[in-house]
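These notes concern the structure reproduced below.
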Amino acid sequence: GNSVTQMEGPVTLSEEAFLTINCTYTATGYPSLFWYVQYPGEGLQLLLKATKADDKGSNKGFEATYRKETTSFHLEKGSVQVSDSAVYFCALLRDTNAGKSTFGDGTTLTVKP
Amino acid sequence: DAGITQSPRYKITETGRQVTLMCHQTWSHSYMFWYRQDLGHGLRLIYYSAAADITDKGEVPDGYVVSRSKTENFPLTLESATRSQTSVYFCASGKTGRGGELFFGEGSRLTVL
Numbered sequence: 005g006n007s008v009t010q011m012e013g014p015v016t017l018s019e020e021a022f023l024t025i026n027c028t029y030t031a032t033g034y035p036s037l038f039w040y041v042q043y044p045g046e047g048l049q050l051l052l053k054a055t056k057a058d059d060k061g062s063n064k065g066f067e068a069t070y071r072k073e074t075t076s077f078h079l080e081k082g083s084v085q086v087s088d089s090a091v092y093f094c095a096l097l098r099d100t101n102a103g104k105s106t107f108g109d110g111t112t113l114t115v116k117p
Numbered sequence: 003d004a005g006i007t008q009s010p011r012y013k014i015t016e017t018g019r020q021v022t023l024m025c026h027q028t029w030s031h032s033y034m035f036w037y038r039q040d041l042g043h044g045l046r047l048i049y050y051s052a053a054a055d056i057t058d059k060g061e062v063p064d065g066y067v068v069s070r071s072k073t074e075n076f077p078l079t080l081e082s083a084t085r086s087q088t089s090v091y092f093c094a095s096g097k098t099g100r101g102g103e104l105f106f107g108e109g110s111r112l113t114v115l
């Protein structure tokens, strides 16, 4: 079946540090890949996505590249801010899976001033 | 306003009582989902629906009932609440097809005493 494995947290960084959150997946075919972010007390919201191999999704300074050869979709940001403190979820969606996304367990990021 | 709304946002109930969590979306998305979020378990799919009058079980359906008589509404009922159903519940909606991201509500925090 489909699965997503995320880097375990929590992750604590100082402001302006470089961020990487690893995500690898298992799925047949060509899934779409997503990063969602959940700020405290809120629902998840889409951060970025990529729908085919070698695509790069980007938003708000975050980037992730769909690497089919390594089945990965690692999230990166060059300089984090305190406001980036949140839980980050990696997810995949197979066209043939009745619209059901598969989520990783989430990685909590805390950025300290 | 367009969006997805959940109600109530907070609910305290007692063991054995029936509770219904409401979810309403204004986009006419075909897919709707109910997830629960618990510490250490990430997001777990309870039920989902591909269209009005079409529902199916997710990963953890026991103790829950859903219906979808209209495209825009997808209520979740706990027929006889148990303490293990204390959780934060998220409703989500999405379109079909490749790259179909999910749109989440703000969540309903349920406490069963």
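For the record, the sequence lines run as chains A and B. Each residue of the first sequence is one higher than the last, beginning at 5 in my numbering. Each residue of the second sequence is one higher than the last, beginning at 3 in my numbering. Note that beta-carbon positions come from the ideal geometry of N, C-alpha and C, so glycine has one too.
Inset, instruction - Would you list, in chain order, the members of the segment 31-57 of chain B that have their beta-carbon closer than 7 Å to a beta-carbon of chain A? - result: 33, 44, 45, 47, 50 and 52
Legend entry - Whole-angstrom distance between residue 83 of chain B and residue 51 of chain A, CA atom to CA atom: 34 Å
Inset, instruction - Could you check if residue 35 of chain A is buried or exposed, using at least 16 other CB atoms within 10 Å of its CB as the buried criterion? - result: buried
Inset, instruction - Work out the CA separation of residue 89 of chain B and residue 26 of chain A for me, nearest whole Å. - result: 27 Å
Legend entry - Cutoff 6 Å; reference residue 79 of chain B; Cβ partners in own chain excluding five residues on either side: 22 and 67
Inset, instruction - Would you identify the three-state DSSP class for residue 46 of chain B, choosing helix, strand or coil? - result: strand
Inset, instruction - With 8 Å as the limit, tell me which residues of the segment 46-60 of chain A have their beta carbon closer than that to any beta carbon of chain B; keep them in chain order. - result: 46, 47, 48, 49, 50, 53 and 55
Legend entry - Unbroken beta strand (DSSP E) run spanning residue 64 of chain B, endpoints: No beta strand (DSSP E) contains residue 64 of chain B, which DSSP labels as neither H nor E.
Legend entry - Burial state of residue 53 of chain B (16 or more Cβ within 10 Å): exposed
Legend entry - Segment contact flag, the segment 42-52 of chain B with the segment 96-115 of chain A, C-beta cutoff 8 Å, min 3 pairs: yes
Legend entry - Per-residue contacts from residue 104 of chain A into chain B (C-beta, under 8 Å): 35, 47, 50 and 60
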